[in-house]
Amino acid sequence: MHVIFMARLFFPWRQILCVKKYAVLLVVLLFIVPLSCCIGDEPRIIEISYGDIDPEYDVFEVYSPQVHDTFTVYVMMPKDYDSDHSYDVVYLLDGDWYFDDTYRIDGNGVSGIVCTLCERDVIEDVILVGVGYPVGNQRGRDFAQHPDLFYRFIKYELTDVLESRYLIDDMRSRTLIGHSSAGFFSFYVLFKGDHFFDAYVAVSTPFYDASRLLFSDELSFYNRFGDERLDLRLFMAVGGDEEDRFTSAHDDMVARLEAKDYDGMALEHRIYYGRNHTSVVFDAFLDGLAWTLAGVDDVVIIE
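Under the working numbering, the first residue of the sequence shown is numbered 50, with each subsequent residue one higher.
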């Protein structure tokens, strides 16, 4: 594994996880209402302990000729990485905010979530890739104004860099994770229909933005693939205490997708009651990864 410690320059490193905080988290998780359209014989519920994890990862910068800008890339390899073994890859948008501890997410962020799920054998080992910015951010440009250019960066330029540095197998599954505007971008990529990603975790997506563009994109997607069998997994979530432009938009997109009854689209949609636009992120990312990567319906954190 290539390990450097530049990450200490970007985030406050390890926070002590409070027992009280996770006791509250347990109570909230137990009252989540699963609204799945993919019903199995029995729901898979797994209880895990969430320890004080100290993820190790690489941090480097990549210049994109497509976007004409430089991006910060965070890469966490499996703890027992084997160069002779291939791994699925999880791409996390807003890596500066969610890869590790920040004021937006604790528990060592998504790197901590992935470490915990892997160490508890909930999911198989994966490679986690976060994409961020050296200074500030250009979320509006990349997720809304010019998503086509940003997608080309991820699909072609970043993927080439990752495959050359880490011997990533391009035949393995890819998952895309995004919150808010990054969720908007995730659906933009999904509805492009080129099937570069196999699974999506989209949380608090503002579907009404950009003159409801995503609803038009969904119709185009259906016209192209409505008669074909798909092979993708989609986890959607929203906080019950979020603004109407998130909750109502979530309900509208869910209704549209369910009405189309896409063949081969495994769809899971959840409302996390008592959670707002920020507090929903940890739970939704945790559950979303467990569901998309392992088919686990609920992850309950215990002491």
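Note that beta-carbon positions come from the ideal geometry of N, C-alpha and C, so glycine has one too. Note that the structure is predicted; figures quoted are calculated from it, not measured.
Residue burial classification, residue i (beta-carbon count within 10 angstroms, cutoff 16)
i: Ala-304; result: exposed
i: Asp-150; result: buried
i: Glu-173; result: exposed
i: Val-348; result: buried
i: Asn-157; result: buried
i: Val-163; result: buried
i: His-227; result: Sequence check: residue 227 is Gly here, not His. It is buried - the Cβ of Gly-227 has at least 16 other Cβ atoms within 10 Å.
Own chain, CB closer than 6 Å to residue i, minus 5 neighbours either side, in chain order
i: Ala-72; result: Low per-residue confidence applies at Ala-72: pLDDT is 40, beneath 50, and the placement is therefore not dependable, though the value from the model is reported in the following sentence. Around Ala-72: no qualifying Cβ.
i: Gly-144; result: Tyr-123, Gly-179, Val-180, Gly-181
i: Gly-189; result: none
For residue i, the first and last residue of its enclosing beta strand (DSSP E)
i: Ala-251; result: 248-252
i: His-318; result: 314-321
i: Thr-341; result: Per DSSP, Thr-341 belongs to no beta strand (DSSP E); it is in the alpha helix (DSSP H), 329-343.
i: Asp-118; result: 118-125
i: Phe-109; result: 107-113
i: Leu-198; result: Careful: Leu-198 lies outside any beta strand (DSSP E), inside the alpha helix (DSSP H) at 196-201.
i: Gly-347; result: The sequence given here places Asp at residue 347; Gly does not occur at that position. Asp-347 -> beta strand (DSSP E) spans 347-351.
i: Ile-176; result: 175-181
i: Tyr-130; result: Tyr-130 -> no beta strand (DSSP E), and no H or E assigned at all.
Residue span of the alpha helix (DSSP H) that contains residue i, given as start and end
i: Gly-158; result: 158-168
i: Gly-232; result: 230-241
i: Glu-212; result: 208-215
i: Asp-145; result: 144-147
Residues near residue i by beta carbon distance below 7 Å, same chain, minus five either side
i: Tyr-321; result: Ile-81, Ala-286, Gly-288, Gly-289, Val-329, Asp-332, Ala-333
i: Ile-217; result: Val-138, Ile-176, Leu-211
i: Leu-166; result: Ile-172, Leu-338, Ala-339
i: Asp-335; result: According to the sequence displayed, residue 335 carries Leu and not Asp. If we look at Leu-335 and ignore the five residues flanking it on each side, its Cβ neighbours are Ile-162, Val-348.
Residues near residue i in its chain [Cβ-Cβ closer than 8 Å; skip 5 each side]
i: Val-203; result: What sits at residue 203 in the sequence shown is Ile, not Val. Tyr-140, Val-180, listed in sequence order.
i: Phe-274; result: Gly-242, Tyr-311
i: Glu-206; result: Val-111, Ser-113, Pro-114, Gln-115
Exercise. Taking three-plus beta-carbon pairs below 8 Å as touching, is the region 302-315 in contact with the region 175-194?
Worked result: no
Exercise. Which runs of the alpha helix (DSSP H) fall wholly inside the region 274-313 and span at least 4 residues, in chain order?
Worked result: Those alpha helix (DSSP H) runs which fall completely within the region 274-313 and span 4+ residues are 293-309.
Exercise. Taking one C-beta from the region 226-240 and one from the region 248-264 each time, how about it: are there three or more such pairs within less than 8 Å?
Worked result: yes
Problem set entry | Any 3 or more C-beta pairs closer than 8 Å across the region 265-277 and the region 290-300 | no
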